[in-house]
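Novice:
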């Protein structure tokens, strides 16, 4: 043998061995690798779950298949040759049951080593496949060609089923049908006659075709699993970032809520100094402007403090039954002067309705809505009233103002959004009133709805539940009707 021939043979042997290792034992190298150890462990654990599910499925075939084969071949090969492989397969099936239980118990106990269990499944499937091939010898030497083709057909069915059950772990997939198909092919080729050459070649080709198809299925499955793991990791990171952002926002809200007194002390001191200067200084317009600025800053700080307390969860509603008419009268009294200064008419539709909510918080929300309606109404007026809606009441504020375009209905409830105040005129508010309304409504469980269009009148509704029963302490004069009676006076 020449040196060149020796090198060529060694190269061929090495290539063949590498191919065998890749196909039979290390087929996972053909698929995308997960480099992160934790992700790799999770990947293999999911593969193990799929393999164990496939192993449990094969128990059905393992219980019926051997008995069927014995029934078919016993008349031709005799009881001993037919029964021995069947008994071995049944013994292996019983062992599989205990193996599955041990694996489930280990997983429940937190065993984080899926690779040894995968290898255990591999050699068990390989042993079962080799035992099935043991039926080939007595069948082939029996000379019954029909029986040989029946055994090959059954082996084909079992091999195709094994591909679907174990393709997620290629070593187990190859082990589940390689000894069986190649063993039967070799026995048919060596022990059979010339007429069986086709059967042997067909079985070998079937082995190769099933193996390549299984690898293709495995590649697709592993790609999907890798993508899913990556998506889950990104979702966890996103959840962590969101939790951090929410924690930071909550910390900010708690800080403002806790520091509200300290933040307002300098502003209160400035107000005192301003009062002192008003009596002695000559520049009255400048002092008036200073007062307006401090009042605007005080309103802004008050609204920011309210939003911070709401976001920090420091305000707990205390719902109770109350008459709606006194609430409407208080609101009208607070803003009647503001409406009169603009030449507007502020009207109330009298009502005897009762509702259930936190009166103080609801009054604050309706106050912001009413102030906003008056601020953006140039002529006409504003109406306060109540409308029935199922088992609840709709507290309505209707104005004849400039209206709000439908596409801006959601935006106006966001912080610092003012649709017609591009110059940020402080007399037009801070842009936080409706944001406060939305938070108060969410806290109370009320629904805020807006019916308006650009250049058209606006109608804002705050829906709150009616009490299940009228309070016994209400006066007998002008007794309110049942809270669900939609014929109550004042409904419109």
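In the numbering used here, the protein residues as written are 3 to 494. Cβ atoms here follow ideal geometry from the backbone N, Cα and C, with glycine treated the same way.
Specify whether the stretch 77 to 89 and the stretch 153 to 171 touch according to this definition: at least 3 beta carbon pairs, one from each stretch, less than 8 Å apart.
Specialist: Because the criterion of three Cβ pairs below 8 Å is not met, the stretch 77 to 89 and the stretch 153 to 171 do not touch.
Novice: For the beta strand (DSSP E) that contains residue 387, what are its first and last residues?
Specialist: The residue you call residue 387 lines up with position 385 of the chain shown. Unbroken beta strand (DSSP E) run through residue 387: 383 to 391.
Novice: Here's the rule: buried if 16 or more other CB atoms are within 10 angstroms of the residue's CB, otherwise exposed. What is residue 77?
Specialist: For this step, residue 77 is matched to residue 75 along the chain shown. When all chains shown are included, residue 77 counts as exposed.
Novice: Does the beta-carbon of residue 505 have 16 or more other beta-carbons within 10 angstroms, so that it is buried, or is it exposed?
Specialist: Residue 505 cannot be examined here, being either before or after the span of the chain that is shown, 3 to 494.
Novice: Using the Cα positions of residue 138 and residue 216, report the straight-line distance between them to the nearest angstrom.
Specialist: Translated into the one-based positions of the chain shown, residue 138 becomes position 136. Translated into the one-based positions of the chain shown, residue 216 becomes position 214. Taking the straight line from one Cα to the other gives about 25 Å.
Novice: So the candidates are 447, 379 and 394; which of them puts its Cα closest to the Cα of residue 360?
Specialist: The residue given as residue 360 occupies position 358 in the chain shown. Closest option to residue 360, Cα to Cα, is 447.
Novice: Assign residue 401 to buried or exposed, taking buried as 16 or more other Cβ atoms, counted over all protein chains shown, within 10 Å of its Cβ.
Specialist: Taking the first residue of the chain shown as 1, we reach residue 401 at position 399. Label assigned to residue 401: buried.
Novice: Which partner residues does residue 509 have in the DSSP bridge list?
Specialist: Outside the modelled stretch of the chain, which goes from 3 to 494, sits residue 509, for which no answer is possible.
Novice: If we ignore side chains and look at the alpha-carbon of each, how far apart do residue 382 and residue 245 end up?
Specialist: Here the question's residue 382 lines up with position 380 in the chain shown. Here the question's residue 245 lines up with position 243 in the chain shown. So the alpha carbons of these two residues sit roughly 48 Å apart.
Novice: Measure the C-alpha to C-alpha separation of residue 158 and residue 211 and round it to an integer number of angstroms.
Specialist: Start at 1 with the first residue of the chain shown, and residue 158 comes out as number 156. Start at 1 with the first residue of the chain shown, and residue 211 comes out as number 209. Answer to the nearest angstrom: the Cα atoms are 11 Å apart.
Novice: Take residue 46 and list the residues in its own chain whose beta-carbon comes closer than 8 Å to its own, dropping the five residues that flank it on each side.
Specialist: Position 44 of the chain shown holds residue 46. Contacts found: 116, 117 and 120.
Novice: Which same chain residues, not among the five before or five after residue 415, have their C-beta less than 8 Å away from its C-beta?
Specialist: Here residue 415 refers to the residue found at position 413 of the chain shown. Once the five neighbours on either side are set aside, the close Cβ partners of residue 415 are 436, 437, 439, 440 and 450.
Novice: From the DSSP output, read off the bridge partner residues of residue 348.
Specialist: Counting from one through the chain shown, the residue named residue 348 turns up at place 346. Looking at the DSSP assignment, residue 348 forms a beta bridge with 384.
Novice: In chain order, what residues of the same chain have a beta carbon less than 6 Å from the beta carbon of residue 206, not counting five sequence neighbours either side?
Specialist: In the chain shown, residue 206 corresponds to position 204, counting from 1. Excluding sequence neighbours, residue 206 sits near 187.
Novice: Between which residues of its own chain and residue 124 is the CB-CB distance below 6 Å, once the five residues before and five after are set aside?
Specialist: The sequence position of residue 124 within the chain shown is 122, counting from 1. Excluding sequence neighbours, residue 124 sits near 173, 174 and 177.
Novice: What ranges does the alpha helix (DSSP H) occupy inside the stretch 150 to 223, keeping only unbroken runs of at least 4 residues that lie completely in it?
Specialist: Within the stretch 150 to 223, the complete alpha helix (DSSP H) runs of at least 4 residues are 172 to 193.
Novice: Which same chain residues end up closer than 7 Å to residue 168 when comparing Cβ atoms and leaving out the 5 residues on each side of it in sequence?
Specialist: Walking along the chain shown from the start, residue 168 turns up at place 166. Same-chain partners within the cutoff: 53, 56, 127, 174, 175 and 178.
Novice: Does the separation of the CB atoms of residue 328 and residue 363 fall below 8 Å?
Specialist: For the purposes of this step, residue 328 is taken as the residue at position 326 of the chain shown. For the purposes of this step, residue 363 is taken as the residue at position 361 of the chain shown. No.
Novice: Between residue 307 and residue 251, what straight-line distance do the alpha-carbon atoms span, to the nearest angstrom?
Specialist: Along the chain shown, read from residue 1 onward, the residue named residue 307 stands at position 305. Along the chain shown, read from residue 1 onward, the residue named residue 251 stands at position 249. Near 14 Å, if we compare the C-alpha coordinates of residue 251 and residue 307.
Novice: What whole-angstrom Cβ distance do residue 371 and residue 411 have, given they're in contact under 8 Å?
Specialist: Here residue 371 is taken as the residue at index 369 of the chain shown, counted from 1. Here residue 411 is taken as the residue at index 409 of the chain shown, counted from 1. Wrong, their Cβ atoms sit about 14 Å apart, outside the cutoff.
Novice: Going by other Cβ atoms of all chains shown within 10 Å of its Cβ, with 16 needed for buried, is residue 68 buried or exposed?
Specialist: What you label residue 68 is simply residue 66 of the chain shown in a count that begins at 1. Buried, since its Cβ has 16 or more Cβ neighbours within 10 Å.
Novice: Looking at residue 312: is its Cβ nearer than 8 Å to the Cβ of residue 445?
Specialist: In the chain shown, residue 312 corresponds to position 310, counting from 1. In the chain shown, residue 445 corresponds to position 443, counting from 1. In contact: residue 312 and residue 445 (Cβ atoms closer than 8 Å).
Novice: To test your reading of the DSSP string, which unbroken beta strand (DSSP E) runs of 3 or more residues are found completely within the stretch 36 to 119?
Specialist: Fully enclosed beta strand (DSSP E) runs of 3 or longer: not present.
Novice: Quick check on residue 438: does DSSP put it in helix, strand or coil?
Specialist: The residue labelled residue 438 in the question sits at position 436 within the chain shown. Residue 438: helix per DSSP, three-state reduction.
Novice: For residue 145, which option in 208, 94 and 75 has the closest C-alpha, if you only look at C-alpha atoms?
Specialist: For this step, residue 145 is matched to residue 143 along the chain shown. Among 208, 94 and 75, the Cα nearest to that of residue 145 is on 75.
Novice: Straight-line CA distance for residue 395 to residue 389?
Specialist: Within the chain shown, numbered from 1, the residue matching residue 395 stands at position 393. Within the chain shown, numbered from 1, the residue matching residue 389 stands at position 387. Each residue's Cα considered, the two are about 6 Å apart.
Novice: Is DSSP giving residue 125 helix, strand or coil here?
Specialist: Position 123 of the chain shown, counted from the start, is the residue given in the question as residue 125. Of the three classes helix, strand and coil, the one that applies to residue 125 here is helix, per DSSP.
Novice: Does the Cβ of residue 189 have 16 or more other Cβ atoms within 10 Å, making it buried, or fewer, making it exposed?
Specialist: In the chain shown, the residue the question calls residue 189 occupies position 187. Its Cβ being crowded by 16 or more others within 10 Å, residue 189 is buried.
Novice: Determine the DSSP secondary structure at residue 146, reduced to helix, strand or coil.
Specialist: Working through the chain shown from its first residue, we reach residue 146 at position 144. Reduced to three states, the DSSP call for residue 146 is coil.
Novice: Should residue 135 be listed as close to the ligand COA, given that the test is whether its C-beta is under 7 Å from any heavy atom?
Specialist: The ligand content of the structure shown is nil, which means the ligand COA is not present either.
Novice: Could you give the C-beta distance for residue 94 and residue 129, rounded to a whole number, given that I count them as a contact under 8 Å?
Specialist: If you number the chain shown from 1, residue 94 lands on position 92. If you number the chain shown from 1, residue 129 lands on position 127. Contact flag correct, Cβ pair sits at about 7 Å.
Novice: What did DSSP end up calling residue 140 once you bin it into helix, strand or coil?
Specialist: Here residue 140 corresponds to residue number 138 of the chain shown, with the count starting at 1. It is helical.
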